[in-house]
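Residue numbers (the working numbering): 39 to 337.
Just so it is clear, CB atoms sit at the ideal spot from N, CA and C, and this is done for glycine as well.
Predicted, not measured: the structure shown is a model, and the values here were computed from it.
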């Protein structure tokens, strides 16, 4: 997602299996003493370089911002759109969280978009590491596939887990802003590849996060698009409906397309995010009592 955010530092992080992951750290954006750290988890086919505007907005309200390119994406190593194991992205996030905490101690907020929302949601649901706050942007809790297609994905995962195909998504579905769509199409680091193993991860992970919702303990903001052709909006709505109201806040933007932080009228989305952070985040110089952990893993 576009826009200036000060200088960006690129760090190499070795994943659990040695795969090189690129971690972006934005500098020059934080104003004041700092409120904590945001780690962005991006969506399928994209990369952290598309989140400059998000980093800038968060930086002006006192947050340090990082984003790693998930394996098979952006500047990170790995075959495009392919996983070696079902839980690769979760294992990678565990390593990245540990690295980010070593660089920037204090409250940690995960911000996951689309595929990244599922990864961040499962990470919290399984309590892989302590997380203080969670924000989900159009999370792929419902991948928008018919029951027959879900069966086909699972079948393909068993027979041809590593073959990659085009994901079939129309870039016009990301935003009503034609400049955003044009930049997405022209971005050499964006790809449309997806393997059956990665598709099966999406199909199976969303329901796991939703099943964990009734026991959710980490303060969470879920924001989703009403006009989303990439994922099913009902997944976000169901998660919010079944989670504790005092812990999880939900907001649907009916006219927005998939990338709500990159659509026209994104000021409405940023305003919602910033208002929620004022209620739940640390103000510089104030006391902050983190609510760590997550619900137990669903059986």
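Residue i versus residue j - alpha carbon distance
i	j	result
residue 328	residue 72	Residue placement at residue 328 cannot be trusted, given a pLDDT of 35 that sits under 50; the coordinates are not used to answer.
residue 251	residue 277	6 Å
residue 229	residue 109	13 Å
residue 45	residue 99	17 Å
residue 155	residue 142	22 Å
residue 81	residue 87	12 Å
residue 233	residue 84	15 Å
residue 53	residue 271	32 Å
residue 196	residue 294	36 Å
residue 41	residue 63	Annotation note: pLDDT 44 at residue 41 (below 50); position unreliable, no value reported.
residue 187	residue 313	39 Å
residue 253	residue 217	41 Å
residue 55	residue 106	16 Å
residue 91	residue 163	28 Å
residue 93	residue 103	6 Å
residue 283	residue 130	31 Å
residue 140	residue 185	43 Å
residue 205	residue 227	16 Å
residue 209	residue 89	17 Å
residue 318	residue 287	11 Å
Cut-off 6 Å between Cβ atoms - residues of its own chain near residue i, not counting five sequence neighbours on either side
i	result
residue 115	57, 58
residue 296	176, 211, 212, 263, 266, 268
residue 121	235, 236
residue 166	132
residue 199	234, 235
residue 289	261, 310
residue 231	118, 119, 202
Proximal residues to residue i (C-beta, below 8 Å), its chain only, five neighbours per side dropped
i	result
residue 308	95, 299
residue 65	44, 45, 46, 47
residue 128	157, 160, 161, 164, 166
Residue j beta carbon less than 8 Å from that of residue i
i	j	result
residue 241	residue 183	yes
residue 285	residue 255	yes
residue 161	residue 148	yes
residue 75	residue 138	yes
residue 157	residue 215	no
residue 79	residue 150	yes
residue 181	residue 112	no
residue 315	residue 291	no
residue 273	residue 179	yes
residue 135	residue 61	no
Sheet register partners of residue i (DSSP bridge)
i	result
residue 47	63
residue 232	203
residue 74	101
residue 213	Residue 213 is not bridged to any residue.
residue 175	151, 261
residue 79	106, 150
residue 52	58
residue 289	261
Contacts around residue i, its chain only, beta-carbon distance under 7 Å, and the 5 residues preceding and following it disregarded
i	result
residue 124	235, 239
Check your understanding: Okay, do the segment 188-196 and the segment 210-221 touch, 3+ Cβ pairs below 8 Å being the bar?
Key -> No contact exists between the segment 188-196 and the segment 210-221.
Point to revise | Contact between the segment 163-177 and the segment 254-263 (3+ Cβ pairs under 8 Å) | key: With the rule of 3 Cβ pairs closer than 8 Å, the segment 163-177 counts as touching the segment 254-263.
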